[in-house]
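Colleague: Line order of the protein sequences matches chains A and B.
Quick note: to get my numbering, add 116 to the position in the first sequence (first position is 1).
Quick note: to get my numbering, add 90 to the position in the second sequence (first position is 1).
After the structure tokens below, expect a handful of questions from me.
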Amino acid sequence: MTIAPAWSRRSLLAAAAAVALAPRGAAAAAKAARIAALGGAVTEILYRIGAGPRIVAVDTTSLYPPEALREKPNVGYLRALSAEGLLACGPDLVIAADGAGPPAVLAQLREAGLRVETVAEPPSPEGVLDKIAVIGRLAGLETEADSLAAEVRARFAEVAARRARIERPARAIVVLSLQGGRTVVGGTGSTADGMLALAGITNAAAGVSGFKPMTDEAIVAAAPDAVVMMQNGPEPPRPETIFAPDTALGRTPAGAQRRLIAMDGLYLLGFGPRTPQAAIELMRAVYPGLPGE
Amino acid sequence: MRGRSGDSRGLRNPRAALPWVLAGLTLLMLAVALLSVSLGAIRIPPERVLAVLTGGGADPALARDALVVLNIRLPRTLLGLMIGAGLAVSGALMQGLFRNPLADPALVGVSSGAGFAAACIIVLGDRLLAYAGLPGPLPYLALPAGAFLGGLSATLILYALATRSGRTAVATMLLAGIALGALSGALTGLLTYASDDRQLRDLTFWSLGSLSGATWGKVAASAPLILPVLVAVPFLGRGLNALVLGEAEAFHLGIPVERLKRACIFLVAVAVGASVAGAGVIGFVGLVVPHALRLAIGPEHRLLLPASALLGGAFLVLADVVARLVAAPAELPIGIVTALVGAPVFLWLLLGRARVAADA
Chain A
117 MTIAPAWSRR
127 SLLAAAAAVA
137 LAPRGAAAAA
147 KAARIAALGG
157 AVTEILYRIG
167 AGPRIVAVDT
177 TSLYPPEALR
187 EKPNVGYLRA
197 LSAEGLLACG
207 PDLVIAADGA
217 GPPAVLAQLR
227 EAGLRVETVA
237 EPPSPEGVLD
247 KIAVIGRLAG
257 LETEADSLAA
267 EVRARFAEVA
277 ARRARIERPA
287 RAIVVLSLQG
297 GRTVVGGTGS
307 TADGMLALAG
317 ITNAAAGVSG
327 FKPMTDEAIV
337 AAAPDAVVMM
347 QNGPEPPRPE
357 TIFAPDTALG
367 RTPAGAQRRL
377 IAMDGLYLLG
387 FGPRTPQAAI
397 ELMRAVYPGL
407 PGE
Chain B
91 MRGRSGDSRG
101 LRNPRAALPW
111 VLAGLTLLML
121 AVALLSVSLG
131 AIRIPPERVL
141 AVLTGGGADP
151 ALARDALVVL
161 NIRLPRTLLG
171 LMIGAGLAVS
181 GALMQGLFRN
191 PLADPALVGV
201 SSGAGFAAAC
211 IIVLGDRLLA
221 YAGLPGPLPY
231 LALPAGAFLG
241 GLSATLILYA
251 LATRSGRTAV
261 ATMLLAGIAL
271 GALSGALTGL
281 LTYASDDRQL
291 RDLTFWSLGS
301 LSGATWGKVA
311 ASAPLILPVL
321 VAVPFLGRGL
331 NALVLGEAEA
341 FHLGIPVERL
351 KRACIFLVAV
361 AVGASVAGAG
371 VIGFVGLVVP
381 HALRLAIGPE
391 HRLLLPASAL
401 LGGAFLVLAD
411 VVARLVAAPA
421 ELPIGIVTAL
431 VGAPVFLWLL
441 LGRARVAADA
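Right, here's the structure in full:
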């Protein structure tokens, strides 16, 4: 701002915007033709409402559907974006999950005449439905978003009906990682906590907040009936290693019954359109004899 | 503890070489800067870059290119030049002051203090704001401003700890710096523990540094802090040359030793504080650039200090070009590139030197 070029910045930006919009004409200006989708659930919803072909860039967390990262340029991690990298993909609308950044980069993108919209991500059914509605409106696909929302709402109702039939809630912990003997679990306020609540399971790690390492003693004291883990590769984690006799997890009721549930990370914790299915899958694994199955 | 200026790899006559070395490094720096404004995720042909730089940006056909070159690449390049120069000069000053080739700007506590302040703002910022009943989110200038102040206050604390009746004990400062570094490291660790998933990733990325998000605003905020340091530093060359002999000897040569130490510490605190504020923690530039130069052109500070500034700027901007090209359209944190490129080069220089010494 101090080292100003000879021409004013405003006229420069106006000119850039004019160039960006001119070839597509007035009608196209209202409906974004090229969308940058940043965030796992954002990308998933855009694909589900049929905006997939209009996506020109995704971020590293856009893991579903798998073709997203295979076919679209990856602009890096959602919170460490590069302004020029994003501009190079030529989007006219950026839809980003809440927390995208750094803020200076978002400011630069807006300065460059791009429309940058962020979407809130509360880990609840209402949060998912709101997200679908907001993204549908931004992409100009309200009808498609409405029908997706109706479908997801119905599935959430099914989840609630199943939850109502649970007689004695089971206890479970969601283990995010087991690196170097540290067991990182999902505590209160985490997406893992939201998912367990949705599936009618008591979070045995409610004593910690967010994703935190939990001590061996606390794990034994929490006495989970089941352990839920992420499956990030083709191989699921093996109960024999997770519940080895000398580990804390091995000394819990879950260990005694070898109850290990492995699910894909984004599917389990992404709070996107597949969340009700994930909740039902989790309930089936934790409550095998639930009436109505 | 280095010997006098009779280094076998040093220049015979540093005074005569001064203009040539500096002219060569200036050319290198300008070439790298030109490279940096020409390359990026968006492909812009060199003639269009040139047209934009020479004032053709008002031409509507060039509007998008002008936007990228003038509002994204140019501030980024200028910020990189300043920060690289500031870090390298700070490293050279510290190595001269502590008479130790392994000294690094981190020794005066700036980086650890700035790191702790940044962690406070990343992890506690929004919570404190909510507690005070103010509307969030925190303005994003809070992070650089806080980091700068944190770095400066850590240095002041360290200086106060090491100064008794007007004399600063450099050895005490070095050890106290390590202790203070460990302490702020522990406090930062505590905040890391209290952080959520996102804040943790913010902390990680911040501690790897990045020039992404360089704006004219950041350039304008860093320039008045870093540029005066770069201008002031060559005047310390004579004093630092005398200091090589030892503090008492330098004093007898008529060097105001205490004032020299104060000046070094203050200048380093400002330059490194501003660098950390502008781009997060970037390692290795302060250590490797002056060291490599010393191996190539000798330990004469009047040449070493300005040469460090030029090479430091060029090195950091080149590292940034690599950082944003290898993973385009994404980008690597720059600290990874500086260490990945800097460490092997440094080892190679060191081993080459050891061989020369063994042969002699």
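Note that the Cβ used here is the ideal one computed from N, Cα and C, for glycine as well.
Counting contacts by CB-CB distance shorter than 9 Å, is A/R278 in contact with chain B?
Modeller: no
Colleague: Determine the burial state of A/E160: buried for a count of at least 16 other Cβ atoms within 10 Å of its Cβ, exposed for fewer.
Modeller: By the 10 Å Cβ count, A/E160 comes out buried.
Colleague: Buried or exposed: where does B/Y283 fall if 16 or more other Cβ atoms within 10 Å of its Cβ makes it buried?
Modeller: Exposed: under 16 other Cβ atoms inside 10 Å.
Colleague: Pull the bridge partners of A/A293 from the DSSP assignment, please.
Modeller: First, the residue type needs correcting, since residue 293 of chain A is Ser and not Ala in the sequence shown. Beta-bridge pairing links A/S293 to A/V300.
Colleague: Between the stretch 368 to 386 of chain B and the stretch 166 to 177 of chain B, do at least 3 Cβ pairs fall closer than 8 Å?
Modeller: yes
Colleague: Just to confirm the assignment, what range does the alpha helix (DSSP H) spanning A/P329 have?
Modeller: Taken as a continuous stretch (DSSP letters only), A/P329 belongs to no alpha helix (DSSP H), being part of the beta strand (DSSP E) at 327 to 330.
Colleague: Could you check the C-alpha separation between B/F295 and A/G217 for me, to the nearest Å?
Modeller: 12 Å
Colleague: Give me the Cβ distance between B/A208 and B/L233, rounded to the nearest whole Å; I'm assuming they're in contact under 8 Å.
Modeller: 6 Å
Colleague: Just reading off the beta strand (DSSP E) that A/G233 is part of, what are its end residues?
Modeller: For clarity, residue 233 of chain A is Glu in the given sequence; the question names Gly instead. Taken as a continuous stretch (DSSP letters only), the beta strand (DSSP E) holding A/E233 covers 231 to 235.
Colleague: Inspect the CB distances between the stretch 422 to 433 of chain B and the stretch 369 to 387 of chain B and report whether three or more fall short of 8 Å.
Modeller: yes
Colleague: Count the other CB atoms, across all protein chains shown, that sit within 10 Å of the CB of A/T304; report buried if there are 16 or more and exposed otherwise.
Modeller: exposed
Colleague: Tell me which residues share the same chain as A/G141 and place their Cβ nearer than 7 Å to its Cβ, disregarding the 5 neighbours each side in the sequence.
Modeller: Note on A/G141: pLDDT 38, under 50, position unreliable in the model; the coordinate value appears next. Taken in chain order, the list of residues that qualify is empty.
Colleague: Check whether the stretch 158 to 172 of chain A and the stretch 375 to 389 of chain A touch, using three or more Cβ-Cβ pairs below 8 Å as the test.
Modeller: Using a Cβ-Cβ distance cut-off of 8 Å, the stretch 158 to 172 of chain A and the stretch 375 to 389 of chain A are in contact, since at least three pairs of beta carbons, one from each stretch, lie closer than that value.
Colleague: Quick one: Cα of A/L398 to Cα of B/V360, how far?
Modeller: Cα-Cα distance, rounded: 55 Å.
Colleague: Counting Cβ pairs closer than 8 Å, one from the stretch 282 to 289 of chain A and one from the stretch 335 to 345 of chain A, do we hit at least three?
Modeller: Result yes; three or more Cβ-Cβ pairs closer than 8 Å.
Colleague: Residues of the stretch 228 to 254 of chain A with a CB closer than 9 Å to any CB of chain B: list them in chain order, please.
Modeller: A228, G229
Colleague: Exposed or buried, what is B/L415 when buried is set at 16 or more other beta-carbons lying within 10 Å of its beta-carbon?
Modeller: exposed
Colleague: Can you pull out the residues from the stretch 413 to 428 of chain B whose beta carbon lies closer than 8 Å to at least one beta carbon of chain A?
Modeller: R414, A417, A418, P419, A420, E421, P423
Colleague: If you measure beta-carbon to beta-carbon, which residues of the stretch 319 to 332 of chain A are closer than 9 Å to chain B?
Modeller: S325, G326, F327, K328, P329
Colleague: Assuming A/G155 and A/A223 form a contact by the criterion Cβ under 8 Å, report the distance between their Cβ atoms to the nearest whole angstrom.
Modeller: About 19 Å; that fails the 8 Å criterion.
Colleague: Which residues in the same chain as B/L129 place their Cβ atom closer than 7 Å to its Cβ, once the five residues preceding and following it in sequence are excluded?
Modeller: V411, L415
Colleague: Using a beta-carbon distance below 9 Å, is B/Y221 in contact with chain A?
Modeller: no
Colleague: Would you call the CB atoms of B/L264 and B/L326 closer than 9 Å?
Modeller: no
Colleague: Report the neighbours of B/T305 on chain A: residues whose CB is nearer than 8 Å to its CB, in chain order.
Modeller: A220, A223, Q224
Colleague: Check the C-beta distance from A/L245 over to A/V268 and give it rounded, since I have them as a contact under 8 Å.
Modeller: 6 Å
Colleague: Would you mind reading off the limits of the alpha helix (DSSP H) that contains B/A141?
Modeller: Start and end: 136 to 143.
Colleague: What did DSSP end up calling A/T363 once you bin it into helix, strand or coil?
Modeller: coil
Colleague: Residues in the same chain with beta-carbon distance under 6 Å from B/G176, minus the five sequence neighbours each way, listed in chain order, please.
Modeller: I316, A361, S365
Colleague: Taking A/T234 as the reference, give the member of A/A339, A/A334, A/I248 with the closest Cα.
Modeller: A/I248
Colleague: Within the same chain, show all residues whose beta-carbon is closer than 7 Å to that of A/S151, passing over the 5 residues directly before and after it, in chain order.
Modeller: Note that residue 151 of chain A corresponds to Ile in the displayed sequence, not to Ser. Closer than 7 Å at the Cβ level, and outside the excluded window around A/I151, lie L162, A167, R170, I171, V172, P207, L209, I211, A255.
Colleague: Give the secondary structure of B/R189 by DSSP, where H, G and I count as helix, E and B as strand, and everything else as coil.
Modeller: In this structure, B/R189 counts as coil in the three-state DSSP scheme.
Colleague: Of all Cβ atoms in chain B, is any one closer than 9 Å to the Cβ of A/Y383?
Modeller: no
Colleague: So, is the C-beta of B/G93 closer than 9 Å to a C-beta in chain A?
Modeller: Residue placement at B/G93 is poorly supported in this model, since its pLDDT is 42, which falls under 50; the coordinates still yield a value, given next. No, no contact with chain A.
Colleague: For the 8 Å Cβ check, are there 3 or more pairs between the stretch 390 to 408 of chain B and the stretch 319 to 333 of chain B?
Modeller: yes
Colleague: Excluding the 5 residues flanking A/R278 on each side, which residues of the same chain have their C-beta closer than 8 Å to its C-beta?
Modeller: G316, I396, M399, L406, G408
Colleague: For a contact meaning CB atoms closer than 7 Å, what does B/V158 contact in chain A?
Modeller: E200, L203
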